[in-house]
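Student:
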Amino acid sequence: MRLPARAVWSLVASLAWLGAIVNAAGVLEVDLVFPRNETYAPPTYMPVIFAFRNPELARHVRPTAQRST
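With mature numbering (1 follows the signal peptide of the UniProt record, and there is no 0) applied, the sequence shown covers -24 to -1, 1 to 45.
(1) Could you tell me the alpha carbon to alpha carbon distance between residue 8 and residue 25, rounded to whole angstroms?
(2) Helix, strand or coil, according to DSSP, for residue 6 in the structure here?
(3) Starting from the C-beta of residue 3, find all residues in its chain whose C-beta is less than 7 Å away, skip the five residues before and the five after it, and write them out in chain order.
(4) For residue 5, tell me which candidate among -11, 12, -18 and 33 has the shortest Cα-Cα distance.
As structure tokens, this is what we get:
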């Protein structure tokens, strides 16, 4: 029973360590999230979500977003 628990904790620790390396690498990641057509009835305005990883680096890029009708 101890071996599987140790393996799980080792996996969790290595994933956390990998996440720390990605965040420390100075990489700005921008994700765009929006609903799929099969799961969302199209309204007049469709919601769009921008997600930033390491947002403190975004000030160097000066991102902007505009909506036109």
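Beta carbons are placed, not taken as given, at the ideal position from N, Cα and C, and that holds for glycine.
Tutor: For this structure:
(1) 6 Å
(2) strand
(3) 30
(4) 33
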